[in-house]
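Step one of this worksheet: look at the structure below.
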Amino acid sequence: MERDPLVCVMGEDVGHYGGSYKVTKGLATKYGDLRVLDTPIAENSFTGMGIGAAMTGLRPIVEGMNMGFLLLAYNQISNNCGMLHYTSGGQFKIPIVIRGPGGVGRQLGAEHSQRLESYFQSIPGIQMVACSTPYNAKGLMKAAIRSDNPVILFEHVLLYNLKERIPDEEYVLSLEEAEMVRPGEHVTILTYSRMRYHVMQAAKTLVNKGYDPEVIDIRSLKPFDLYTIGNSVKKTHRVLIVEECMRTGGIGASLTAAINENFHDYLDAPIVCLSSQDVPTPYAGTLEEWTVVQPGQIVTAVEQLCK
Amino acid sequence: MSAASLSSAINAIRSSSFAHDRSALASNASHPSSSAFLGSTARLRFNPISSSAGRPRSSAAVAAVAASNVVKEKQPKSSVSGSNLLITKEEGLELYEDMVLGRAFEDMCAQMYYRGKMFGFVHLYNGQEAVSTGFIKLLKQEDSVVSTYRDHVHALSKGVPARQVMSELFGKETGCCRGQGGSMHMFSKEHNLIGGFAFIGEGIPIATGAAFTSKYKREVLKEEGCDHVTVAFFGDGTCNNGQFFECLNMAQLWKLPIIFVVENNLWAIGMSHLRATSDPQIWKKGPAFGMPGVHVDGMDVLKVREVAKEAVGRARRGEGPTLVECETYRFRGHSLADPDELREPAEKAKYAARDPIAALKKYIIESKLASEAELKAIDKKIDEVVEDAVEFADASPQPPRSQLLENVFADPKGFGIGPDGRYRCEDPNFTAGTAKV
Numbered sequence: 001m002e003r004d005p006l007v008c009v010m011g012e013d014v015g016h017y018g019g020s021y022k023v024t025k026g027l028a029t030k031y032g033d034l035r036v037l038d039t040p041i042a043e044n045s046f047t048g049m050g051i052g053a054a055m056t057g058l059r060p061i062v063e064g065m066n067m068g069f070l071l072l073a074y075n076q077i078s079n080n081c082g083m084l085h086y087t088s089g090g091q092f093k094i095p096i097v098i099r100g101p102g103g104v105g106r107q108l109g110a111e112h113s114q115r116l117e118s119y120f121q122s123i124p125g126i127q128m129v130a131c132s133t134p135y136n137a138k139g140l141m142k143a144a145i146r147s148d149n150p151v152i153l154f155e156h157v158l159l160y161n162l163k164e165r166i167p168d169e170e171y172v173l174s175l176e177e178a179e180m181v182r183p184g185e186h187v188t189i190l191t192y193s194r195m196r197y198h199v200m201q202a203a204k205t206l207v208n209k210g211y212d213p214e215v216i217d218i219r220s221l222k223p224f225d226l227y228t229i230g231n232s233v234k235k236t237h238r239v240l241i242v243e244e245c246m247r248t249g250g251i252g253a254s255l256t257a258a259i260n261e262n263f264h265d266y267l268d269a270p271i272v273c274l275s276s277q278d279v280p281t282p283y284a285g286t287l288e289e290w291t292v293v294q295p296g297q298i299v300t301a302v303e304q305l306c307k
Numbered sequence: 308m309s310a311a312s313l314s315s316a317i318n319a320i321r322s323s324s325f326a327h328d329r330s331a332l333a334s335n336a337s338h339p340s341s342s343a344f345l346g347s348t349a350r351l352r353f354n355p356i357s358s359s360a361g362r363p364r365s366s367a368a369v370a371a372v373a374a375s376n377v378v379k380e381k382q383p384k385s386s387v388s389g390s391n392l393l394i395t396k397e398e399g400l401e402l403y404e405d406m407v408l409g410r411a412f413e414d415m416c417a418q419m420y421y422r423g424k425m426f427g428f429v430h431l432y433n434g435q436e437a438v439s440t441g442f443i444k445l446l447k448q449e450d451s452v453v454s455t456y457r458d459h460v461h462a463l464s465k466g467v468p469a470r471q472v473m474s475e476l477f478g479k480e481t482g483c484c485r486g487q488g489g490s491m492h493m494f495s496k497e498h499n500l501i502g503g504f505a506f507i508g509e510g511i512p513i514a515t516g517a518a519f520t521s522k523y524k525r526e527v528l529k530e531e532g533c534d535h536v537t538v539a540f541f542g543d544g545t546c547n548n549g550q551f552f553e554c555l556n557m558a559q560l561w562k563l564p565i566i567f568v569v570e571n572n573l574w575a576i577g578m579s580h581l582r583a584t585s586d587p588q589i590w591k592k593g594p595a596f597g598m599p600g601v602h603v604d605g606m607d608v609l610k611v612r613e614v615a616k617e618a619v620g621r622a623r624r625g626e627g628p629t630l631v632e633c634e635t636y637r638f639r640g641h642s643l644a645d646p647d648e649l650r651e652p653a654e655k656a657k658y659a660a661r662d663p664i665a666a667l668k669k670y671i672i673e674s675k676l677a678s679e680a681e682l683k684a685i686d687k688k689i690d691e692v693v694e695d696a697v698e699f700a701d702a703s704p705q706p707p708r709s710q711l712l713e714n715v716f717a718d719p720k721g722f723g724i725g726p727d728g729r730y731r732c733e734d735p736n737f738t739a740g741t742a743k744v
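Chains as they are written, first to last, in my numbering: chain A, 1 to 307; chain B, 308 to 744.
Written out as structure tokens, the structure reads:
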């Protein structure tokens with residue numbers, strides 16, 4: 001925001017309140033109420049307003065207080081955000097960033113625990129990235145803001161408390177590249193967002209049991225970085241996808257298809273995809289735990305895959 | 308509520324009467340803070356819908372027509388005498404030419420559609436020309452217009468060349484959107500026409516965003532004197548949609564420089580406005596959000612223009628949005644695929660008699676602004692423009708395959724990295740339109 005006066009923020013409670021997860025804390029005091037705009041509760045319209053502002057020269061960042069609320073903005077995100085650059089014959093660009101917290105939290109109930117990446121993935125004309133660490137959150141956010149494409153940046157409700165030492169110098173990450181978290185030889189584990197932590201926890205157990213998993217945080221949910229993923233598949237010949245999306249039509253489903261299509265010859269076993277159960281996330285803690293993939297399941301899956 | 312108290316309620320919202328107070332118009336320019344809002348004095352004689360439950364469908368519309376006719380009859384008395392003319396000769400001819408262009412173009416579209424040159428959903432604007440011309444001819448190039456699927460004439464009024472619009476309709480690469488948008492998606496960055504939208508209501512937030520940018524430029528970027536306004540056009544059906552209300556709220560909240568223009572042609576495809584709306588007087592919904600709401604006779608370009616002047620002036624001065632309901636009518640069906648069986652012939656005839664082009668022509672001739680010959684010359688000129696547009700579109704090439712993937716992303720890196728490590732947009736097949744993305 002300091003570098004470019006065209007960058008502005010809009011959303012519910014982003015200004016005076018500092019954001020429901022304090023992501024925009026202090027910005028309104030520094031940049032004023034128009035640049036950090038507190039909107040009324042009208043997702044479809046203020047997202048559309050952000051798109052209109054982007055088309056006429058600004059670089060807005062629209063926050064969904066919870067990503068689930070952006071279901072109300074689906075009309076604008078699909079029809080206008082994704083399509084207008086094409087429909088206008090390339091005349092109008094839409095350099096908007098739509099971001100917010102999503103994913104399964106701690107007993108927040110079904111509607112506040114949604115994973116919208118699977119709903120938005122078919123929309124042509126948008127890019128989707130998911131951050132998972134303070135380092136890649138900052139780098140991806142900068143990249144998304146500077147990109148002339150509309151980018152949806154998925155944050156996770158349970159990852160806001162992570163602490164990490166990050167460089168003082170400016171850095172920008174690539175929106176299209178995946179991140180190698182742990183190189184290995186036996187199996188490729190593809191994951192993103194919070195599941196990365198469940199995978200790394202499982203990885204510790206697996207290493208103790210003598211396995212050497214390669215863990216890749218795909219980061220770019222649309223488009224997939226098939227180069228990093230492909231190189232890994234060619235090395236290990238076994239793929240496990242661990243995601244928080246539901247099984248049906250999730251990111252994992254698309255990734256499975258993409259890998260099968262491109263790297264079929266390199267696979268020694270069918271791709272295994274661990275996803276959340278196709279249920280509305282229950283409120284009860286035990287039930288909620290069973291809807292989401294747990295480290296124990298990841299360990300078992302790798303053991304099966306590597307038999 | 309009785310008719311009498313309804314009309315006094317309407318008058319309470321108006322702060323000055325239209326037909327007589329010419330001096331008020333002049334003084335407005337020098338007293339920007341006390342803008343007397345001008346509007347139509349149409350006394351709507353039909354009762355609120357709650358007391359008219361038993362009425363036949365069209366009688367309320369006919370009553371509205373009758374009320375407007377009363378005002379229309381009053382109009383010539385005060386404005387035909389020389390010094391009281393609302394427009395100069397140049398303005399008159401400009402308005403006439405713009406409306407004739409709109410009409411001739413749309414008639415040609417119908418012909419071309421039935422000859423198989425144009426496809427899909429085509430929504431024609433015949434009959435509503437006064438609204439487009441009345442508003443858009445007051446705008447600067449930097450002002451924005453946001454429309455709906457009935458957008459050909461908005462595009463033409465805003466300055467998009469007829470050739471480009473016709474080409475777009477034929478799906479040729481020389482169209483204003485390279486053939487990628489079609490009838491319902493007219494865009495022009497040069498003329499600040501921001502769509503063209505297929506779903507109703509989805510353009511209104513976009514318009515609100517364009518107005519937001521204007522305010523942002525003035526207040527955050529400190530571009531002195533940036534007073535660009537945005538005009539959003541939409542129909543009566545849209546006024547029951549959430550996006551309409553949400554944007555009225557936000558626009559008034561932040562005093563955005565936007566004018567919401569309702570083209571109330573009484574029909575949303577086959578749904579009569581009166582059957583869809585609990586309170587059919589759309590202008591009333593403006594004051595509910597704190598902004599002025601005006602009802603104007605949308606078949607009279609001069610009345611529309613007077614209201615538009617005030618609304619645009621308010622927006623430019625930073626006083627915020629205005630809701631203008633234009634009572635108008637489409638002479639053709641909703642689209643070229645609509646059999647148009649539900650509208651009564653009597654209703655159609657009533658509005659056909661109020662053809663805005665015929666009305667302006669009559670006004671121009673009676674007030675001796677121009678001769679019949681001059682107007683006929685304009686008719687002929689427009690015929691040639693439209694013929695030329697068709698020839699140009701016919702002769703233009705279809706988009707080549709290479710265009711298929713080009714405009715999906717402003718930055719084509721968005722297609723990602725392929726298995727070979729290169730960005731997919733670097734693949735030579737990408738420009739051929741055959742790359743796997």
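Note that beta-carbon positions come from the ideal geometry of N, C-alpha and C, so glycine has one too.
Which of helix, strand or coil does DSSP assign to Gln382 of chain B?
The count along the second sequence starts at 1 and reaches residue 382 of chain B at position 75. Any reading at Gln382 of chain B must be qualified, since the residue scores a pLDDT of 43, below 50, and its modelled position is unreliable; no value is offered.
Should Ile77 of chain A be flagged as near chain B, meaning a C-beta pair shorter than 8 Å?
Locating residue 77 of chain A in the first sequence gives position 77, where the first residue counts as 1. By this cut-off, Ile77 of chain A is not an interface position.
Would you call Leu649 of chain B buried or exposed, if buried means 16 or more other Cβ atoms sit within 10 Å of its Cβ?
Residue mapping note: residue 649 of chain B aligns to position 342 of the second sequence, counting from 1. Residue environment analysis places Leu649 of chain B among the exposed positions, since fewer than 16 neighbouring C-beta atoms fall within 10 angstroms of its C-beta.
Beta-carbon separation of Gly250 of chain A and Ser220 of chain A under 8 Å?
Locating residue 250 of chain A in the first sequence gives position 250, where the first residue counts as 1. Locating residue 220 of chain A in the first sequence gives position 220, where the first residue counts as 1. With contacts defined by Cβ atoms closer than 8 Å, Gly250 of chain A and Ser220 of chain A do not form a contacting pair.
On a CA-only basis, which of A:Val292, A:Tyr197, A:Val242 is nearest Cys273 of chain A? Give me that one, please.
Position 273 of the first sequence, counted from the start, is the residue given in the question as residue 273 of chain A. Closest option to Cys273 of chain A, Cα to Cα, is A:Val242.
Output, in sequence order along the chain, the residues in the region 77 to 107 of chain A whose CB is closer than 8 Å to any CB in chain B.
Residues of the region 77 to 107 of chain A with a C-beta less than 8 Å from any C-beta of chain B: Asn79, Asn80, Leu84, His85, Tyr86, Thr87, Ser88, Gly89, Gly90, Gln91, Phe92, Lys93, Ile94, Pro95, listed in chain order.
Just how far apart, CA to CA, sit Ile672 of chain B and Phe92 of chain A?
The residue labelled residue 672 of chain B in the question sits at position 365 within the second sequence. The residue labelled residue 92 of chain A in the question sits at position 92 within the first sequence. The alpha-carbon atoms of Ile672 of chain B and Phe92 of chain A are separated by roughly 43 Å.
Could one say the Cβ of Cys483 of chain B lies closer than 8 Å to chain A's Cβ atoms, at least one of them?
One-based indexing of the second sequence puts residue 483 of chain B at position 176. Taking 8 Å as the CB threshold, Cys483 of chain B lines the interface with chain A.
Does the beta carbon of Ile51 of chain A come closer than 8 Å to any beta carbon on chain B?
What you label residue 51 of chain A is simply residue 51 of the first sequence in a count that begins at 1. A Cβ of chain B is located within less than 8 Å of the beta carbon of Ile51 of chain A.
For Ile216 of chain A, list the residues DSSP reports as bridge partners.
Numbered from its first residue, the first sequence carries residue 216 of chain A at position 216. Within the DSSP secondary-structure output, Ile216 of chain A pairs in a beta bridge with A:Met180, A:Leu190.
Do you know offhand how far Gly399 of chain B's Cα is from Gly90 of chain A's?
For this step, residue 399 of chain B is matched to residue 92 along the second sequence. For this step, residue 90 of chain A is matched to residue 90 along the first sequence. Distance between the alpha carbons of Gly399 of chain B and Gly90 of chain A: 36 Å.
Minimum Cβ-Cβ distance from Pro512 of chain B to chain A less than 8 Å
One-based indexing of the second sequence puts residue 512 of chain B at position 205. Yes, Pro512 of chain B counts as interfacial toward chain A.
Does the distance from the CB of Pro564 of chain B to the CB of Ala514 of chain B come in under 8 Å?
Your numbering for residue 564 of chain B matches position 257 in the second sequence. Your numbering for residue 514 of chain B matches position 207 in the second sequence. Contact flag unset, no.
Mapping DSSP to helix, strand and coil, what is Glu673 of chain B?
Along the second sequence, one-based indexing puts residue 673 of chain B at 366. Three-state DSSP puts Glu673 of chain B in a helix.
Beta carbons nearer than 8 Å to chain A: which residues of the region 711 to 726 of chain B have them?
Along the region 711 to 726 of chain B, going in chain order, the ones with a CB nearer than 8 Å to a CB of chain A are Glu713, Asn714, Val715, Phe716, Ala717, Asp718, Lys720, Gly721, Phe722, Gly723, Ile724, Gly725, Pro726.
Buried or exposed: which applies to Arg637 of chain B, given that a residue is buried once 16 or more other Cβ atoms fall within 10 Å of its Cβ?
Here residue 637 of chain B corresponds to residue number 330 of the second sequence, with the count starting at 1. Under the 10 Å beta carbon count, Arg637 of chain B is surrounded by 16 or more other beta carbons and is classified as buried.
Would you tell me roughly how many angstroms separate the C-alpha atoms of Val151 of chain A and Gly68 of chain A, rounded to the nearest one?
Against the first sequence, residue 151 of chain A aligns to sequence position 151. Against the first sequence, residue 68 of chain A aligns to sequence position 68. Here the alpha carbon of Val151 of chain A sits roughly 17 Å from the alpha carbon of Gly68 of chain A.
Neighbour list for Met65 of chain A in chain B, Cβ cutoff strictly below 8 Å
Counted from its first residue, the first sequence places residue 65 of chain A at position 65. Per Cβ cutoff of 8 Å: no residues; Met65 of chain A is ~16 Å from chain B at best.
Where do the ends of the alpha helix (DSSP H) carrying Pro60 of chain A lie?
The residue you call residue 60 of chain A lines up with position 60 of the first sequence. From DSSP, Pro60 of chain A is part of no alpha helix (DSSP H) but of the beta strand (DSSP E) over 59 to 63.
Is Gly409 of chain B helix, strand or coil when you go by DSSP?
Sequence index remark: in the second sequence, residue 409 of chain B carries index 102 (1-based). Look at Gly409 of chain B here: in three-state DSSP terms it is helix.
Cutoff 8 Å: Ser118 of chain A Cβ touching any chain B Cβ
Taking the first residue of the first sequence as position 1, residue 118 of chain A is located at position 118. For Ser118 of chain A, the answer is no, since every Cβ of chain B falls outside 8 Å of its Cβ.
Give the secondary structure of Gln304 of chain A by DSSP, where H, G and I count as helix, E and B as strand, and everything else as coil.
As a working mapping, residue 304 of chain A is identified with position 304 in the first sequence. Note: Gln304 of chain A maps to helix in three-state DSSP.
Report the neighbours of Thr515 of chain B on chain C: residues whose CB is nearer than 8 Å to its CB, in chain order.
Among the protein chains of the structure shown, namely A and B, there is no chain C.
Under the three-state reduction of DSSP, which class applies to Lys30 of chain A: helix, strand or coil?
Here residue 30 of chain A refers to the residue found at position 30 when the first sequence is read from its first residue. Helix at Lys30 of chain A.
C-alpha distance - Ile298 of chain A paired with His186 of chain A, whole-angstrom precision
Walking along the first sequence from the start, residue 298 of chain A turns up at place 298. Walking along the first sequence from the start, residue 186 of chain A turns up at place 186. Approximately 14 Å, taken between the alpha carbons.
To the nearest angstrom, report how far apart Asp13 of chain A and Arg99 of chain A are at their CA atoms.
For the purposes of this step, residue 13 of chain A is identified with residue 13 of the first sequence, where counting begins at 1. For the purposes of this step, residue 99 of chain A is identified with residue 99 of the first sequence, where counting begins at 1. About 14 Å.
Here's the rule: buried if 16 or more other CB atoms are within 10 angstroms of the residue's CB, otherwise exposed. What is Ile685 of chain B?
Position 378 of the second sequence, counting from 1, holds the residue named residue 685 of chain B. So Ile685 of chain B counts as buried.
Under DSSP, the alpha helix (DSSP H) around Pro134 of chain A begins and ends at which residues?
Working through the first sequence from its first residue, we reach residue 134 of chain A at position 134. Residues 134 to 146.
Can you name, in chain order, every residue of its own chain whose Cβ lies under 6 Å from the Cβ of Leu745 of chain B, other than the five neighbours on each side?
There is no way to answer for residue 745 of chain B, as the model of chain B reaches only from 308 to 744.
Run the CB neighbour count on Phe156 of chain A, radius 10 Å, all protein chains shown included, and call it buried at 16 or more, exposed below.
For the purposes of this step, residue 156 of chain A is taken as residue 156 along the first sequence, with counting starting at 1. Residue identity differs from the one stated: residue 156 of chain A is His in this sequence, not Phe. A buried status is given to His156 of chain A, since no fewer than 16 other beta-carbon atoms sit within 10 Å of its beta-carbon.
At the level of alpha carbons, what is the spacing between Gln559 of chain B and Pro599 of chain B?
As a working note, residue 559 of chain B is residue 252 in the second sequence. As a working note, residue 599 of chain B is residue 292 in the second sequence. Cα to Cα, Gln559 of chain B sits roughly 10 Å from Pro599 of chain B.
Which residue marks the beginning of the beta strand (DSSP E) containing Val536 of chain B, and which one marks its end?
The residue labelled residue 536 of chain B in the question sits at position 229 within the second sequence. Careful: Val536 of chain B lies outside any beta strand (DSSP E) and carries neither H nor E.
Closest by C-alpha distance to Cys237 of chain A, when choosing among A:Gly26, A:Ile271, A:Leu267, A:Asn231:
Stepping through the first sequence from its first residue, residue 237 of chain A is reached at position 237. Looking at the sequence itself, residue 237 of chain A is His, so the reference to Cys does not match. His237 of chain A has its Cα closest to that of A:Leu267, out of A:Gly26, A:Ile271, A:Leu267, A:Asn231.
State the Cα-Cα distance for the pair Asn548 of chain B and Gly542 of chain B, rounded to the nearest angstrom.
The residue labelled residue 548 of chain B in the question sits at position 241 within the second sequence. The residue labelled residue 542 of chain B in the question sits at position 235 within the second sequence. Taking the straight line joining both Cα atoms gives about 11 Å.
Just checking: is the beta-carbon of Ile507 of chain B within a distance shorter than 8 Å of some beta-carbon in chain A?
Here residue 507 of chain B refers to the residue found at position 200 of the second sequence. Judged by the 8 Å Cβ criterion, Ile507 of chain B is not in contact with chain A.
Output the distance between the C-alpha atoms of Ala742 of chain B and Arg485 of chain B, rounded to the nearest integer angstrom.
One-based indexing of the second sequence puts residue 742 of chain B at position 435. One-based indexing of the second sequence puts residue 485 of chain B at position 178. The C-alpha of Ala742 of chain B lies about 20 Å from the C-alpha of Arg485 of chain B.
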